[in-house]
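Peer 1: Using this note's numbering, read the sequence shown as starting at 4 and increasing by one per residue. Quick one: the structure is below, questions incoming.
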Amino acid sequence: LFNSFSRGSNIGSIGGIGLGLSIVKSYVEHHQGEIVMESEIGVGTRIKVSLPLLR
């Protein structure tokens with residue numbers, strides 16, 4: 004899901020081109036953060052983003 008232009012096969016008519024999560028991942032990594040995905044079929048997906056605090 005973090006690859007550019009990647010889309011799930013079960014999205015139906017939901018629009019998009021598959022760039023959202025790849026952009027988020029790039030931004031998070033650039034800022035020395037962490038992105039974690041947890042997914043369970045039939046339940047859903049949770050994506051956690053953590054960024055370091057500025058000092």
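Cβ coordinates follow ideal geometry from the N, Cα and C atoms, glycine included. Small disclaimer: the values here were computed from a predicted structure and weren't measured.
Who pairs with SER53 in a beta bridge, going by DSSP?
Peer 2: BP columns for SER53 point to GLU37.
Peer 1: In whole angstroms, what is the alpha-carbon distance linking LEU57 and GLU37?
Peer 2: So the two alpha carbons sit approximately 15 Å from each other.
Peer 1: Roughly how many angstroms separate the alpha carbons of LEU24 and ARG49, rounded to a whole number?
Peer 2: The straight-line gap from Cα to Cα measures roughly 12 Å.
Peer 1: What would DSSP say about GLY45, mapped onto helix, strand or coil?
Peer 2: Coil at GLY45, not helix or strand.
Peer 1: Measure the alpha-carbon distance for PRO1 versus PHE5 and round it to whole angstroms.
Peer 2: The chain is shown only over 4 to 58; residue 1 falls outside these bounds and no answer can be derived.
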